[in-house]
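Engineer: Letter by letter, the sequence shown follows residues 18 to 299 in the working numbering. In this text, a Cβ means the ideal position worked out from N, Cα and C, and glycines have one as well. Pasting a structure here, questions to come.
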Amino acid sequence: MSQATYITDPTRTRAQARSFFSAVLQAIASNNSGATAPAETYPHMFWADTATATLKQRNAANSGWITIGSFDQAAGTFTPAGLAQLSEAQAADDTSQVFGQVSGQRLAQAVAAHAPAAPIEAWHPYDMVSPGDGAGGVIYDHATDGTVLSVETPSFEDGYEYAVKVEALSHNHSIATPLLIEAWLETTGAYSGIRMETGAPSSSVLLYGSAQFVLPREIGFVHRIAQLSNGFSGGGGAWTAAEADVTHPAAQKIGRGRVRFAAGSIDAGRITLLRRREYVTG
18 MSQATYITDP TRTRAQARSF FSAVLQAIAS NNSGATAPAE TYPHMFWADT
68 ATATLKQRNA ANSGWITIGS FDQAAGTFTP AGLAQLSEAQ AADDTSQVFG
118 QVSGQRLAQA VAAHAPAAPI EAWHPYDMVS PGDGAGGVIY DHATDGTVLS
168 VETPSFEDGY EYAVKVEALS HNHSIATPLL IEAWLETTGA YSGIRMETGA
218 PSSSVLLYGS AQFVLPREIG FVHRIAQLSN GFSGGGGAWT AAEADVTHPA
268 AQKIGRGRVR FAAGSIDAGR ITLLRRREYV TG
């Protein structure tokens, strides 16, 4: 730490002058460091305040100090003052719109989710607003929804393809019955669909698999429902997924989807709805 007077005295001896200039140079080199402000101040001079671990600069009017930043001697770091900085909670908030210092991962998520030129291209939960927001796309879960006759998806939006994924799905019918994936025809106002496996599972079989609605928002007389994974399978055997066209009496769009068994009700499992961006319809 070093501070000194900057006022010269012409009556000093040579030795005193040498000592004076040495003290001045030490003060300048140490940024006038000290626990209290220098007694003599000049516009734009620096002061390393050791009491608060901050670097300060005198203002142009020589009437006060401006804090430049703070330093940590033990860590060897310096933090500029007045820099926009988020709290740890803000930096980790996927839905926050407060900007400041953020991690590269959060920045990448923001770009992927909100940049108009960079929409999410890959399959993702239909209800996901931004990456990492916790959305799962679940539209049916027997644990919470119980036994149901069928499960309808939310309405499809232009500019997206959709896929349904079934996990551990089973029925309660007394005999084997096939799984149906159906499409709602907007103009006709009715469902039309296909069976998604060549066999018919018994009630003890738990089905797994996924099916894609190919360009459901494109107007046409034919739409395709196709396998997305390697077919539908169950504990009682393997089923080959169907890939078939749904034909319509009039050109139209598919408004939503439905999953059901040909007979009986869905009495176990979970169904998830996924979607991905396409540029044919929007």
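For G93 versus G176, is the C-beta spacing smaller than 7 Å?
Structural biologist: No, they are not a contact pair.
Engineer: Does the beta-carbon of E138 have 16 or more other beta-carbons within 10 angstroms, so that it is buried, or is it exposed?
Structural biologist: So E138 counts as exposed.
Engineer: Around the C-beta of F173, are 16 or more other C-beta atoms found within 10 angstroms, so that it is buried, or is it exposed?
Structural biologist: Buried: at least 16 other Cβ atoms inside 10 Å.
Engineer: Pop quiz: T289 and G154 are said to be a contact at Cβ under 8 Å. What is the actual Cβ separation, rounded to whole angstroms?
Structural biologist: 5 Å between Cβ atoms; contact.
Engineer: Can you name the start and end residues of the beta strand (DSSP E) that H240 belongs to?
Structural biologist: Note, H240: beta strand (DSSP E), 237-244.
Engineer: Which term fits A134, buried or exposed, when burial requires 16 or more other beta carbons within 10 angstroms of its beta carbon?
Structural biologist: Unreliable positioning characterises A134 in this predicted model, as indicated by a pLDDT of 47, which lies under 50. The coordinate reading is nonetheless provided below. Exposed, by the Cβ-count rule.
Engineer: Just to confirm, is the Cβ distance from A185 to L245 under 7 Å?
Structural biologist: In this structure, L245 does not lie closer than 7 Å to A185 by Cβ.
Engineer: Can you check whether the CB of A70 is closer than 7 Å to the CB of F88?
Structural biologist: Going by C-beta atoms, F88 is nearer than 7 Å to A70.
Engineer: When the Cα of S47 is compared with those of A65, F37, Q33, A32, which residue comes out closest?
Structural biologist: Selected option, being the one with the closest Cα: A65.
Engineer: K73 bridges to which residues according to DSSP?
Structural biologist: In the DSSP output, where bridge partners are listed per residue, K73 has W64, T84.
Engineer: Grab me the residues of A207's own chain with a C-beta within less than 8 Å of its C-beta, minus the 5 sequence neighbours each way, in chain order.
Structural biologist: The residues are W201.
Engineer: Is the CB-CB distance between A285 and S187 below 7 Å?
Structural biologist: Against a cut-off of 7 Å, the Cβ pair of S187 and A285 comes out as a contact.
Engineer: Between I156 and T170, is the Cβ-Cβ spacing less than 7 Å?
Structural biologist: Yes, these two residues count as a Cβ contact at 7 Å.
Engineer: Verify whether the separation of the beta carbon atoms of F230 and G274 is less than 7 Å.
Structural biologist: Yes, Cβ-Cβ distance for F230 and G274 is below 7 Å.
Engineer: Taking DSSP's pairing of strands, which residues face A207 in a bridge?
Structural biologist: DSSP output for A207 lists L202 as bridge partner(s).
Engineer: Thinking A217 and I198 are a contact (beta carbons under 8 Å), I'd like their distance in whole angstroms, please.
Structural biologist: Actually they do not touch by this definition, with Cβ atoms about 15 Å apart.
Engineer: For D262 versus R294, is the C-beta spacing smaller than 7 Å?
Structural biologist: Cβ distance not < 7 Å, so D262 and R294 don't count as in contact.
Engineer: Check whether the Cβ atoms of N79 and T58 lie closer than 7 Å to each other.
Structural biologist: Their beta carbons are under 7 Å apart, which means N79 touches T58 by this criterion.
Engineer: May I ask you to report which of helix, strand or coil DSSP gives A134?
Structural biologist: Because A134 sits at a pLDDT of 47, beneath the cut-off of 50, its placement in the model cannot be relied upon, and the following sentence gives the value as read from the coordinates. It is coil, neither helix nor strand.
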